[in-house]
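K.L.:
Protein chains in written order, with the working numbering: chain A, 1 to 473; chain B, 1001 to 1473.
1. Going by the DSSP bridge assignment, what does residue 116/A pair with across the sheet?
2. Would you call the CB atoms of residue 97/A and residue 126/A closer than 8 Å?
3. Starting from the Cα of residue 1355/B, find the closest Cα among 1033/B, 1316/B, 1209/B, 1101/B and give me that residue.
4. Chain A beta carbons: is any one of them nearer than 8 Å to that of residue 1187/B?
5. Would residue 1264/B and residue 1439/B qualify as a contact pair, given that the criterion is a beta-carbon distance under 8 Å?
6. Name the chain A residues whose beta carbon is nearer than 9 Å to that of residue 1229/B?
7. Under 8 Å, with one C-beta from each stretch per pair, do the stretch 185–193 of chain A and the stretch 162–176 of chain A reach the 3-pair mark?
8. Verify whether the separation of the beta carbon atoms of residue 217/A and residue 241/A is less than 8 Å.
9. Considering only their Cβ atoms, is the gap separating residue 232/A from residue 1154/B smaller than 8 Å?
10. Helix, strand or coil for residue 1486/B? Go by DSSP, reduced to three states.
11. Contact defined as beta carbons within less than 8 Å: I believe residue 1066/B pairs with residue 1058/B. What is the distance between those atoms, to the nearest angstrom?
12. Identify each residue in the stretch 1239–1258 of chain B for which the Cβ-Cβ distance to at least one residue of chain A is less than 8 Å, and report them in chain order.
13. When you compare only the Cα positions, how much space is there between residue 150/A and residue 463/A?
14. From residue 88/A to residue 1343/B, what does the alpha carbon distance come to, in whole angstroms?
15. With a 10 Å radius around its C-beta and 16 neighbouring C-beta atoms as the bar for buried, classify residue 386/A as buried or exposed.
16. Can you list, in chain order, the residues of its chain with a C-beta nearer than 8 Å to that of residue 1467/B? Leave out the 5 residues immediately preceding and following it.
17. Per DSSP, which one or two residues make a beta bridge with residue 1128/B?
18. Note the first and the last residue of the continuous beta strand (DSSP E) segment covering residue 1318/B.
19. Where does residue 301/A land, buried or exposed, given buried means 16+ other C-beta within 10 angstroms?
20. With a threshold of 16 other CB atoms inside 10 Å of the CB of residue 210/A, please say whether the residue is buried or exposed.
21. Does the ligand FMN have a heavy atom nearer than 7 Å to the CB of residue 36/A?
22. Where does residue 81/A land, buried or exposed, given buried means 16+ other C-beta within 10 angstroms?
23. At which residue ranges does the stretch 1400–1447 of chain B contain complete alpha helix (DSSP H) runs of 4 or more residues, listed in the order of the chain?
24. At 7 Å on the CB atoms, spell out the chain B contacts of residue 426/A, in chain order.
25. Measure the CB-CB distance between residue 334/A and residue 321/A and report whether it falls below 8 Å.
26. Is the beta carbon of residue 1037/B closer than 8 Å to that of residue 1105/B?
27. In chain order, what residues of the same chain lie with their CB nearer than 7 Å to the CB of residue 376/A, ignoring the 5 residues before and after it?
28. Check the C-beta distance from residue 1221/B over to residue 1246/B and give it rounded, since I have them as a contact under 8 Å.
29. List, in chain order, every chain A residue whose beta-carbon is nearer than 9 Å to that of residue 1397/B.
30. Please list the residues of the stretch 1310–1330 of chain B that have a C-beta atom closer than 9 Å to any C-beta atom in chain A, keeping them in chain order.
31. Using a Cβ-Cβ distance cut-off of 8 Å, determine whether residue 234/A contacts chain B.
32. Quick test of your reading: residue 1146/B and residue 1453/B, contact by CB under 8 Å. State the CB separation rounded to the nearest angstrom.
33. Note down, in chain order, every chain B residue with its Cβ under 7 Å from the Cβ of residue 128/A.
34. In this structure, does DSSP put residue 1295/B in helix, strand or coil?
35. Does DSSP put residue 45/A in a helix, a strand or coil?
36. Among 93/A, 157/A, 44/A, 40/A, which residue has its Cα nearest to the Cα of residue 1433/B?
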């Protein structure tokens, strides 16, 4: 019989693949020792137990007859202290090498950690030449320095913490939406929509130029596709990559970045929309502060000392009120502060400071500044649309949203004026068949991380940064 | 004071925006009625309560002095039955229109549903011309037919169910990885890696041809980027879009599709890897069967009658055993069944059937068939690599994975032979500094949905399908 039921771990395999131990003495630890993550080891109460850990050496110190190692496996910022007898005579034990260690987990006499590992076997499974390795023991490398090594920077404490936090933040965003009844929609990356006015586009090419039979671009936003879904679900969201081909070297822009976007059916006021934006921001931040306390602490201690995100109070001002505030301080700005002008980064920063360095909603922007889909407030003489931005300390614009124009005739007129009636015939049909009031917003994920961590450069918040003149790996 | 604390819902707003009711009589229901989703209404025990629901009409039936409506808001497949007095004289109440209804939730006398809504107010908020609307009342439209309307097909029962299931399946995959200590990594979409041999690539262009200073492509897999992370974490995963520019009209291929990919450090056998693949498959499927019973039922009843995914038993055979089986039946195949040839779809389907129509792992493929990163088994005369595919009923290949070549010298030799030593200098460095045994796999998300739902065409498993000659919206 060739087919076997899947009885994993029980299937006989050559010992040489399972046990890297060289000697009979150590083999007994290898087979009886329990594989355990360093995170679990650090909080284990099971002292005296035989465990096996695998990870990378963060420090080596020799003292009398003992070697003191700090070993990390990426499951936590804090490493596990390992104590080995010098006469184990371990070859290649340097900063950065990979090790496989078995031993006894013991209560530590030191205040610095609760437990430590008394090693019975230390094996170096992957050496690391300290001369060639770009990171050096005991040196604190700057974020700028480690950015040069996109394939290695995850091995530093700071970027390891960043990636754990990023992963938890993504999970928090998904949880928030799911817990509140949003259906997740994977909006497309390649799209034939080309004129949403959200910035310069990447075009997608292939050897066969007629592959898609229409010009195809990388998405700048999933909003219009979410609006399709707002015609069938109470609430939907997407959380994925979006693209802007802007030739910018700014600290706040990437060519490829992540956005969480939501669209809510039957919503009738900006207040209802702001409540969701606020909830998402607060819930995610509280999640991070409780679930990633140690990693967050590293940023608040070493990267942005004194930085604490204040998410208890948020302010709301209208665009018109914002212009009033800015106009009274117009001498401080390079750009105009007249009603009808777009808010620039300098203005956004001023408004945040003016409101006490807390997140600030700015509502009801001039109608002519907003894209065709923003809902007409039908006010005058200052004609506004029901759009809202959320500005946050250190970053400026974090979220942008609006009620959408659900009224067929108003939308048709506006699209016709822009000459887009044919291009968006499908979008008009959404209003023709069972149209409902709805609204939504997008939140820049990397900017969110910049805001809560106090990271100055957005390139330090994403595993592999893409920007003008930079596409490493 | 221009700045106000955010006191949402308490801020005074014009009544005209909050209450769409026209008369004083109905207004009282609107303000006292509780907004509730249809899913919650259907399971509510609070009969006699005043509620407000909003959704789309799925059927209208007139009987004596009453109108019977089925209203759906996308929160569940099952609609809510609404009973309204004919003399409410509601304009525009047709299949597909959007309604806002208040009334009293009552125990239903019928067996078909537990509760129904006795309407006191029915307002049509968005009309729907039944002549122009491409879907007709009481007709069951085929998946092929609704595929022509990517902006409207979410309004059908079948595609609504698909999207809820897809959302839950995505959540199940994220949960599985998170619960098992995997760190989520957003691997890049735009990449300068161009020669992984995984198929035809999309190139990314921009007006400024030197935007990235190197040719840039859409990713075909996040694996190499995950391997970067396998040098710092115990386990990592990515779950996002990947791209193939294949000019295929197959039922199993998309130009843009989603993959869940995992990479596990310190893994030393294909058995350990298969255990994770099996766990992911089983855990997700069990989640769907328990959380989406009603929606799954629609597929198993109407789309693929009799289809049940069997995930209780899985088989394992080696590639060499597979070739033996196929060779004994070679007359049934178009393609060769010799040792050294790749398995074709016809072979995969045969193997699945041969093993009793259950998922089948095929292990240890010929070394020369596998990419440079697959781990050399160093066997002979039949030289194999530690690679594994998971084949499933109805689909064929669902997952592909391998142990990765962690030994610097072996990898260097192989890359040099392929002339790729310079291109992958960064990848070699991963093995130079603290290399560890590791392995991983990718699972096609749409194929997974095809498999568990019995959907024949992959285009019917994704919100907006992209394939050769098709990039609508």
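For every residue, glycine included, the Cβ atom is placed at its ideal position computed from N, Cα and C.
P.N.:
This is what the structure gives:
1. 106/A
2. yes
3. 1316/B
4. yes
5. yes
6. 74, 154, 163, 463
7. no
8. no
9. yes
10. The displayed coordinates of chain B run from 1001 to 1473. Any statement about residue 1486/B would go beyond what the structure contains.
11. At roughly 17 Å, the Cβ-Cβ gap does not stay under 8 Å, so residue 1066/B and residue 1058/B are not in contact.
12. 1240, 1241, 1243, 1245, 1247, 1255, 1256, 1258
13. 8 Å
14. 49 Å
15. buried
16. 1248, 1249, 1253, 1254, 1255, 1459
17. 433/A
18. 1315–1318
19. exposed
20. exposed
21. The model on display carries no ligand, and the ligand FMN is accordingly not part of it.
22. buried
23. 1408–1417, 1425–1432
24. 1151, 1473
25. no
26. no
27. 367, 385, 405, 410
28. Incorrect: roughly 14 Å between the Cβ atoms, too far for contact.
29. What residue 1397/B touches in chain A: nothing, since even the nearest Cβ is about 18 Å away.
30. 1313, 1314, 1315, 1316, 1317, 1318, 1321, 1322, 1324, 1325
31. yes
32. No, residue 1146/B and residue 1453/B are not in contact; Cβ-Cβ is about 15 Å, not under 8 Å.
33. 1433, 1434
34. helix
35. coil
36. 93/A
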